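K.L.:
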Amino acid sequence: MKRILIGVAAVVVIVVAIVLVRTALVGAPPPLEASPPPISVNSMDVAKHLAAAIRFKTISYGNGVHDDQKNAQLDAFRTWMEQTYPAFHHAATREIIGKSLLFTWKGKNPNEKPILLMAHMDVVPVVPGTAKDWAHDPFRGDIADGFVWGRGAIDDKGCLITLLDAAERLAQSGFTPERTIMFAFGQDEEVGGRQGNGQIAKILAARHVHFAWVLDEGGAIFNEPFPGVQQSVAFMAVAEKGYLTLQLIAHGTGGHSSRPTHDLAIARLSDAVLKVVNHPFASGIDDVQREQFSVLAPYMPFFQKMILSNLWLTGPIVAGMLERNPETAAMMHTTIAPTMISGGVKDNVLPPDATATINFRLHQRDTIQSVIAHVRKVIDDPRVDVRALTETQDEASKVSDLHDANGKFVVAAIRDTFNGIPVAPLVTTGATDSRHYLPIADDVYRLDPFHMGPEDMSRIHGTNERLAIGDIGPAVAFYMRLMQNLK
């Protein structure tokens, strides 16, 4: 017994020693490198441009609803851009593809792969009945209380306008990029992007264009994003989850409700949905999250630093904590969300069929086919058909590297612009237009170069969307630095 106790004590001592050494190796935050001179931008001038852009009601409803009004607004918006940014329109070649825009700014070295900077021009509708809840009319473009207010202020006219203002300033100075820069501004990102950037990507692929890297919306600069991290962190999305919608169609015996059988379509459907929900997909901390924790750990107090720097030991505990929060749990596995259900047409009629719609956001470890196979296996009922809605499916994207030459370049521009803040990778749960370019790009990154908190995130697609005026100038400077520093 004594030997066993000694052995156990020795193991404990070794484990504690390893934990402490690994924690010590994390060290303090890396020292800030000397930043280049700041780029001065008058935020209010750009804020006025953003306010004007918000007034164009470029609303995507989907399924062709109100497309005539939207297209007229896109035409007017395009004319406004041409008038507002004349130097850029002179320096770059513009192509109108559908109602979307593709600009090509020729670089000095045609042998280098081009880069692509993206934004989208459309916005989501205001939820009916909620306009009265806005502090400022969602399409008036008010500038008040230190913010630009309105639908699209963040998503995505904020990126669009700061990018255009950056290009205009450089064009006015006579700047020519070292390598070709292309700009793609989509018309329908909010409803899938297949007529906008989807078509542009196909055209560029046919021209054999291949990008070194692409930058689109997604991710942001978050203030104190985790307990103990008392500073801002730029979370740049290096991947996005896939998208799949399945319909479950359960068959039963129809008839009069006064004489029900045991072969009920709605009961069979309910059972099938529960089986899917109760059989979740594999979950766990992935490589992107490990990299994220390694970036955050130096900025944390000792105890949190110890936990995150020893995932070999604490991984199950950390994973369990992450699983308890829907926001972080969604990063760890393919999610299952039943969203629609339909069946009977009258209270005394047994329907012969009933249908449920389930939306899946695919983790990188899963594929469309593996998800479909999993669903069919757990339902295990020949009288339930499983059908994929082919118009709404995308595989999970590849993961881009923050440590290759492209990643280091973009990270350097972020740190140089935003006072040396740490940059952590992220997988975004929502789909962006950048996914259309995955086959023709080495790396794809996603970042809104604005500071955000939980309250700001709820405003995107919600009520009182707004962008802080103080964030606008630095965003312009960031895009300028990206273009100026290209080699």
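In short: position in the sequence shown from 1, add 12, done, that's this note's numbering.
Yeah, the Cβ is synthetic: ideal placement off N, Cα and C, and Gly gets one too.
Given the structure is predicted, the values throughout are model-derived calculations rather than measurements.
Quick one: Cα of V135 to Cα of W92, how far?
P.N.:
Position 123 of the sequence shown, counted from the start, is the residue given in the question as residue 135. Position 80 of the sequence shown, counted from the start, is the residue given in the question as residue 92. Going from the Cα of V135 to the Cα of W92 covers about 17 Å.
K.L.:
Is it true that the CB of S306 sits closer than 7 Å to the CB of Q199?
P.N.:
Locating residue 199 in the sequence shown gives position 187, counting from the first residue. Locating residue 306 in the sequence shown gives position 294, counting from the first residue. With a cutoff of 7 Å on beta-carbon distance, Q199 and S306 are scored as not near each other.
K.L.:
Does the distance from the C-beta atom of P350 to that of V398 stay below 7 Å?
P.N.:
As a working note, residue 350 is residue 338 in the sequence shown. As a working note, residue 398 is residue 386 in the sequence shown. No.
K.L.:
From this set, A232, L276, Q381, Q259, which residue's C-alpha is nearest I370's C-alpha?
P.N.:
Locating residue 370 in the sequence shown gives position 358, where the first residue counts as 1. Out of A232, L276, Q381, Q259, Q259 has the C-alpha closest to the C-alpha of I370.
K.L.:
Report the residue from E252, S282, P292, M194 whose alpha carbon sits nearest the alpha carbon of I384.
P.N.:
As a first step, residue 384 must be located in the sequence shown, where it is residue number 372. Of E252, S282, P292, M194, the residue nearest in Cα terms is P292.
K.L.:
For R395, does the count of other Cβ atoms within 10 angstroms reach 16, so buried, or fall short, so exposed?
P.N.:
As a working mapping, residue 395 is identified with position 383 in the sequence shown. Exposed is the call here.
K.L.:
Let's test the definition: count the other Cβ atoms within 10 Å of the Cβ of A489 and tell me whether it reaches 16, buried, or not, exposed.
P.N.:
On the sequence shown, position 477 is the one that residue 489 refers to. With 16 or more Cβ atoms within 10 Å of its Cβ, A489 is classed as buried.
K.L.:
Would a C-beta distance cut-off of 7 Å place G266 and D275 closer than the cut-off?
P.N.:
On the sequence shown, position 254 is the one that residue 266 refers to. On the sequence shown, position 263 is the one that residue 275 refers to. No, Cβ-Cβ distance for G266 and D275 is not below 7 Å.
K.L.:
When every heavy atom of the ligand HEM is checked, does at least one fall within less than 6 Å of the C-beta of M343?
P.N.:
Ligands displayed in this structure: none; no statement on the ligand HEM is therefore possible.
K.L.:
Give me the Cβ distance between E201 and D445, rounded to the nearest whole Å; I'm assuming they're in contact under 8 Å.
P.N.:
Translated into positions along the sequence shown, residue 201 becomes position 189. Translated into positions along the sequence shown, residue 445 becomes position 433. Rounded, the Cβ-Cβ distance is 5 Å, consistent with contact.
K.L.:
DSSP three-state label for T404, please.
P.N.:
As a working note, residue 404 is residue 392 in the sequence shown. Strand.
K.L.:
So V58 packs on G485, CB below 8 Å; how close in whole Å?
P.N.:
For the purposes of this step, residue 58 is taken as the residue at position 46 of the sequence shown. For the purposes of this step, residue 485 is taken as the residue at position 473 of the sequence shown. At roughly 7 Å, the Cβ-Cβ gap stays under 8 Å, so V58 and G485 are in contact.
K.L.:
Could you give the uninterrupted runs of the alpha helix (DSSP H) lying entirely in the stretch 291 to 318, keeping only those of 4 residues or more?
P.N.:
Taken in chain order, the whole alpha helix (DSSP H) runs of length 4 or more contained in the stretch 291 to 318 are 299 to 308.
K.L.:
For the stretch 197 to 251, list the alpha helix (DSSP H) runs that are entirely contained and at least 4 residues long, ordered along the chain.
P.N.:
209 to 218
K.L.:
To the nearest angstrom, report how far apart P49 and E403 are at their CA atoms.
P.N.:
As a position in the sequence shown, residue 49 is number 37, starting the count at 1. As a position in the sequence shown, residue 403 is number 391, starting the count at 1. If you take the alpha carbons of P49 and E403, they lie about 48 Å apart.
K.L.:
Where A64 and D167 are concerned, what is the direct C-alpha to C-alpha distance, given to the nearest angstrom?
P.N.:
Looking up residue 64 in the sequence shown gives position 52. Looking up residue 167 in the sequence shown gives position 155. In a straight line, the C-alpha of A64 is about 15 Å away from that of D167.
K.L.:
Check whether the stretch 181 to 197 and the stretch 249 to 257 are in contact - that is, three or more C-beta pairs closer than 8 Å.
P.N.:
no
K.L.:
What whole-angstrom Cβ distance do V330 and I297 have, given they're in contact under 8 Å?
P.N.:
By one-based count along the sequence shown, residue 330 stands at place 318. By one-based count along the sequence shown, residue 297 stands at place 285. With a beta-carbon spacing of about 7 Å, V330 and I297 fall inside the 8 Å limit used to define contacts.
K.L.:
Classify F315 as buried or exposed, calling it buried when 16 or more other Cβ atoms lie within 10 Å of its own Cβ.
P.N.:
Within the sequence shown, residue 315 is the residue found at index 303, counting from 1. That one is exposed.
K.L.:
Please give the ranges of any alpha helix (DSSP H) in the stretch 331 to 362, keeping only runs that are unbroken, at least 4 residues long and fully inside the region.
P.N.:
Listed in chain order, they are 338 to 341.
K.L.:
Distance check for T379 and M352, CA to CA, integer angstroms please.
P.N.:
For the purposes of this step, residue 352 is identified with residue 340 of the sequence shown, where counting begins at 1. For the purposes of this step, residue 379 is identified with residue 367 of the sequence shown, where counting begins at 1. Cα to Cα, the separation comes out at about 23 Å.
K.L.:
Spatial neighbours of L172 within its chain, please: C-beta separation below 6 Å, excluding the five flanking residues on both sides.
P.N.:
Numbered from its first residue, the sequence shown carries residue 172 at position 160. If we look at L172 and ignore the five residues flanking it on each side, its Cβ neighbours are A131.
K.L.:
So, are the CB atoms of R90 and G153 less than 7 Å apart?
P.N.:
Counted from its first residue, the sequence shown places residue 90 at position 78. Counted from its first residue, the sequence shown places residue 153 at position 141. Result no, Cβ atoms of R90 and G153 do not sit closer than 7 Å.
K.L.:
Does the Cβ-Cβ distance between R493 and A425 come in under 7 Å?
P.N.:
Translated into the one-based positions of the sequence shown, residue 493 becomes position 481. Translated into the one-based positions of the sequence shown, residue 425 becomes position 413. Cβ distance < 7 Å, so R493 and A425 count as in contact.
K.L.:
Using alpha carbons as the reference points, say which of A232, K118, V226 lies closest to F462.
P.N.:
Residue numbering aside, residue 462 sits at position 450 when the sequence shown is read from its first letter. Per the Cα distances, A232.
K.L.:
Mapping the DSSP letters down to three states, classify E467 as helix, strand or coil.
P.N.:
Walking along the sequence shown from the start, residue 467 turns up at place 455. Note: E467 maps to helix in three-state DSSP.
K.L.:
T346: buried (16+ other C-beta within 10 angstroms of its C-beta) or exposed?
P.N.:
As a first step, residue 346 is located in the sequence shown; it is residue number 334 there, counting from the start. So T346 counts as buried.
K.L.:
Could you pull the start and end residues of the beta strand (DSSP E) that L498 belongs to?
P.N.:
To locate residue 498, count along the sequence shown from 1; it is residue 486. First-last for L498: undefined, no H or E at that position.
K.L.:
Which of the three DSSP states is assigned to D154 in this structure?
P.N.:
Locating residue 154 in the sequence shown gives position 142, where the first residue counts as 1. D154: coil per DSSP, three-state reduction.
K.L.:
Quick one: what does DSSP say A104 is sitting in, helix, strand or coil?
P.N.:
As a working mapping, residue 104 is identified with position 92 in the sequence shown. Reduced to three states, the DSSP call for A104 is coil.
K.L.:
Does T142 pass the burial test, meaning 16 or more other C-beta atoms within 10 Å, or should it be called exposed?
P.N.:
For the purposes of this step, residue 142 is taken as the residue at position 130 of the sequence shown. Answer is exposed; the Cβ neighbour count stays below 16.
K.L.:
How would you write the range of the beta strand (DSSP E) that W146 sits in, first residue to last?
P.N.:
Taking the sequence shown and counting its residues from 1, the one referred to as residue 146 is at position 134. Run containing W146: none; DSSP gives neither H nor E here.
K.L.:
If you reduce the DSSP assignment to three classes, tell me which class F68 lands in.
P.N.:
The residue you call residue 68 lines up with position 56 of the sequence shown. In this structure, F68 counts as coil in the three-state DSSP scheme.
K.L.:
List the endpoints of the continuous alpha helix (DSSP H) containing Q81.
P.N.:
For the purposes of this step, residue 81 is taken as residue 69 along the sequence shown, with counting starting at 1. According to the DSSP assignment, Q81 belongs to the alpha helix (DSSP H) that extends over 79 to 96.
K.L.:
Based on DSSP bridge pairs, tell me the residues matched to F195.
P.N.:
For the purposes of this step, residue 195 is identified with residue 183 of the sequence shown, where counting begins at 1. F195 pairs with F115, L129.
K.L.:
Given a cut-off of 7 Å on the beta-carbon distance, is the pair A88 and Y255 in contact?
P.N.:
Locating residue 88 in the sequence shown gives position 76, counting from the first residue. Locating residue 255 in the sequence shown gives position 243, counting from the first residue. The answer is no: Cβ separation not under 7 Å.
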